[in-house]
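Input: a single structure, listed below in structure tokens.
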Amino acid sequence: MSVNATPAGARVAAEESGKPAVPAQHSGRRSKAPLSENKKAERKLGWLLCAPAALVMVLVTAYPIIYSVWLSLQRFDLRFPDERKFVGLENYVTVLTNGFWWTAFGVTALITVVTVVVELVLGMGLALIMHRTLVGRGIVRTAALIPYGIVTVVAAFSWRYAWTPGTGYLANLFSDGAPLTERASSLAIIMLAEIWKTTPFMALLLMAGLALVPEDLLKAASTDGATAWQRFTKVMLPVMKPAILVALLFRTLDAFRVFDNIFVLTAGGNETSSVSMLAYNNLIRGLNLGIGSTMSVLIFLTVAVIAFVFVKLFGTAAPGSDEGERR
Amino acid sequence: MADIVLDKVSKRFPDGTVAVQDIDLEIADGEFVILVGPSGCGKSTTLNMIAGLEDISDGELRIGGQRVNDKAPRDRDIAMVFQSYALYPNMTVRENMAFPLKLAKLDKETINSKVEEAAKVLELTPLLDRRPANLSGGQRQRVAMGRAIVRQPKAFLMDEPLSNLDAKLRVQMRTVVSRLQKQLGTTTVYVTHDQTEAMTLGDRVVIMRGGAIQQVGPPQELYEHPRNLFVAGFIGSPSMNFLHAAVDDGKLRTAIGDVPIGERIRRELTANDAPRELILGIRPEHFEDAELVDDETRRRGLEFSAPVDIVESMGSDKYVYFTVEGERASAAELEELAADAGADFSGGGASLVTRLSAESAVREGEDRRVWFNLEKIHLFDPSTGRNLTLHEGRSSGALAD
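Written as structure tokens, this is what we have:
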């Protein structure tokens, strides 16, 4: 609900601050009624159109979520099915006081922050290049998107082979042997693989944002005396803000659930497990449904918090708010 | 403030199209010059070259006596107003107007006082803390103007600044722009496709077509003494009537009678390569209901009779449309003008638009006798478009010696 509260509030504020100015308007043509009949009907239609999708969402996501919450409140190990019983929050205490969990959480947070930041910078660069390219636009875009088109596991294997001492073309660049057997270099390689793979996606989202920046605005800025950098930071970025936030949100949520690359490259060895990896190991390999589900729920909560923070950040720039573009 | 000189300036795009060809134009300090022409005539490209938003392929551009070909827009000290207004959506009106000053690193107090001053001039003071999204079209337009004037630049460049406004507001803003320019005395180059705007606003008007200048002059001069068919057809609303005229035995045979020609034009027409077919041009206001013309005036013109098609009463006068028999005038320029006006439909036969006195008792459907002024007609060579009645820059009708 807080998603809607902000833009609506902003609109009311704009309406109020507008009132004293109205007599001075020679040409004011905007309607002063906060919500006309038309707008109400439109809003109702909006809800109706969303309803089928919302219903499907509830069916396919709400049930599994609720079920795993239920599982997380039980001692439930498939190796000892007879010991199944309701334990309340005991599993949560177990997980949250466990060193492995926090190590994995730290690894995940590190990977998330580093990859998203690097992807944002590289993706922006790539988007600018693709946006400005006049010749061979199609080829440039296709080439840039190839990594994203490759199945993650396949790409991860190619990275693993590349870093395997003896046969890998990258491993031989470093003299002292096997980088995937050490923690720091393993993490670096995991992040490299992630960045290589998803930067194009970031670039694509940002390019859509770039298309939102009117050419005239940049022209105006350059006649107003802005350098290329000032045009970028003072005009382009603010106009692109919604697109950037959407891209960041998508990527952050994705990055936090990192799994495939780690699974293939290190299988979580040398303390390189992410939280998803840890949950998988407990749930599927360890058959401990209680602890595994607890971890899943914790991941879900973290992701929800991230999403909430981003949506707060969107503020009036949130997609769908009519602050930016009113006709 | 400064003068702007375009010295044989051309623009060629990488794909080979020539948008602007060898333009020579001197804009004096403080002058208000309008670039006008149909779409694709190169007027906006010319403006963008002056602004520095478009590279100059050839020639030299000087602002204030200084060559600026290779200078970035920000180093040219010019301000531009766009058709889309190009206001920064993330900034308030105040921030929008302060933006160029902030970039120029002025101190806060100076910025504030300049913004307040400009806001007062444009009556934007109550809107200073709003964002562009919460402004009407006219208000946004004024903010765009405000952002241009706060800097006191060497020149204003305006690219169809009023085209997005509705008709009534456009007329209102026209006077605002005009007054503002006079007040500030800043050199202004203004691009428009609207000939009414061109006529009413500028000290001088530059008419462009296909990347070349057709004629430069004060609006009235362009109206009365058009150098060629294109200028004659472009300026004026409703536009000039064009009729096919065949040269025959020292006379012109036209759909509205035989028109005598004076000595000078006759001499020109006896040359070997002289055209045998001409285009006769008459402006709507040079017709009059024959009943309302006194004898003295009658002698200076000719009369004809034609069926009345439509009568539009404007109150102050009447626009009367006649259908006349005969060939329609044809020339490349006329087709281009018609295409630009979107008039690809015109029915059969030639039609005349006349502006008659309001007292005229003309009625639709009847045949009416109409007088027209021989001293005001123009004759054009259909192949070159040249105005044959023009002598040393003045047009003196068909009878001139």
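Taken in order, these protein sequences are the chains called F and E.
Per the working numbering: the first sequence = residues 1448 to 1774.
Per the working numbering: the second sequence = residues -8 to 392.
Beta carbons: idealized from backbone N, C-alpha and C, even for Gly.
All values reported here derive from a predicted model rather than from experimental measurement.
The C-alpha of Ala323 (chain E) lies about 8 Å from the C-alpha of Ser374 (chain E). Counting along the chain, the unbroken beta strand (DSSP E) around Arg3 (chain E) starts and ends at Ile(-5) to Arg3.
Secondary structure note for Ala1574 (chain F): its alpha helix (DSSP H) is the uninterrupted segment Gly1546 to Arg1579.
Thr179 (chain E) is positioned such that its CB atom lies closer than 7 Å to that of Phe23 (chain E).
Fewer than three Cβ pairs drawn from the region 89 to 108 of chain E and the region 29 to 36 of chain E lie within less than 8 Å of each other, which leaves the two stretches out of contact. Lys1666 (chain F) sits away from Ala1602 (chain F), with the two beta carbons spaced by 7 Å or more. Per DSSP, the continuous alpha helix (DSSP H) segment holding Asp331 (chain E) begins and ends at Ala323 to Asp331. DSSP places Trp1643 (chain F) in the uninterrupted alpha helix (DSSP H) bounded by Arg1630 to Leu1657. When F:Tyr1510, F:Arg1526 and F:Glu1484 are compared, the shortest CA-CA separation from Gly1737 (chain F) is found for F:Arg1526.
Under the 7 Å criterion on CB atoms, Ala95 (chain E) is classed as interfacial with respect to chain F.
Residues are counted here when their Cβ sits less than 9 Å from a Cβ of chain F; for the region 47 to 77 of chain E these are Ala63, Pro64, Arg65, Asp66, Arg67, Asp68, Ile69, Ala70, Met71, Val72, Phe73, Gln74, Ser75, Tyr76 and Ala77, given in chain order.
If you draw a straight line from the Cα of Pro1626 (chain F) to the Cα of Thr1614 (chain F), it is about 13 Å long. For Asp286 (chain E), the enclosing alpha helix (DSSP H) begins and ends at Asp286 to Arg289. Secondary structure of Ala42 (chain E) (DSSP, three-state): helix. Judged by DSSP in its simplified three-state form, Lys99 (chain E) adopts helix. Separation of Pro1689 (chain F) and Leu1657 (chain F) (C-alpha to C-alpha, rounded to the nearest whole angstrom) is 11 Å. Two segments are said to touch when three or more pairs of C-beta atoms, one from each, lie closer than 8 Å; by this definition the region 351 to 359 of chain E does not touch the region 234 to 246 of chain E.
DSSP places Leu1725 (chain F) in no beta strand (DSSP E) but in the uninterrupted alpha helix (DSSP H) bounded by Val1722 to Tyr1727. Val1600 (chain F) places its beta carbon less than 7 Å from that of Asp1707 (chain F). When 8 Å is used as the limit between beta carbons, Asn81 (chain E) is near these residues of chain F: Pro1685, Val1686 and Lys1688, in chain order.
Buried is the label assigned to Arg131 (chain E), since at least 16 other Cβ atoms lie within 10 Å of its Cβ.
Taken in chain order, the unbroken stretches of beta strand (DSSP E) that lie wholly in the region 231 to 258 of chain E and span 3 residues or more are 232 to 239, 242 to 245 and 248 to 251. Take Gly1535 (chain F), set aside five residues on each side of it, and the residues of its chain with a beta-carbon closer than 8 Å to its own are Leu1520, in chain order. For Arg1698 (chain F), there is no enclosing beta strand (DSSP E); the enclosing alpha helix (DSSP H) covers residues Leu1684 to Phe1703.
For Val361 (chain E), the pairing in a beta bridge is given by DSSP as E:Asp280 and E:Phe295. With contacts defined as CB atoms closer than 7 Å, Val1750 (chain F) and Phe1703 (chain F) qualify as a contacting pair. Under the three-state reduction of DSSP, Phe147 (chain E) is assigned to strand.
The C-beta distance from Ser1669 (chain F) to Leu44 (chain E) rounds to 7 Å, short enough to meet the 8 Å contact threshold.
With respect to Gly28 (chain E), Met199 (chain E) sits close: the two C-beta atoms are nearer than 7 Å. Among the CB atoms of chain E, none fall inside 7 Å of the CB of Gly1585 (chain F). By alpha-carbon distance to Tyr312 (chain E), the top candidate from E:Gly129, E:Arg354, E:Thr288 and E:Arg289 is E:Arg354.
Residues of the region 297 to 312 of chain E with a Cβ closer than 7 Å to any Cβ of chain F: none. For Ser1483 (chain F), there are no C-beta contacts with chain E under 9 Å, since the nearest C-beta of that chain is about 17 Å from it. Residue contact with chain E for Lys1666 (chain F): present (Cβ-Cβ distance below 7 Å to some residue of chain E). Counting only runs of 3 or more residues that sit fully inside the region 186 to 231 of chain E, the beta strand (DSSP E) segments are 195 to 200 and 203 to 208, in chain order. Contacts with chain F at 7 Å (Cβ-Cβ) do not include Pro123 (chain E).
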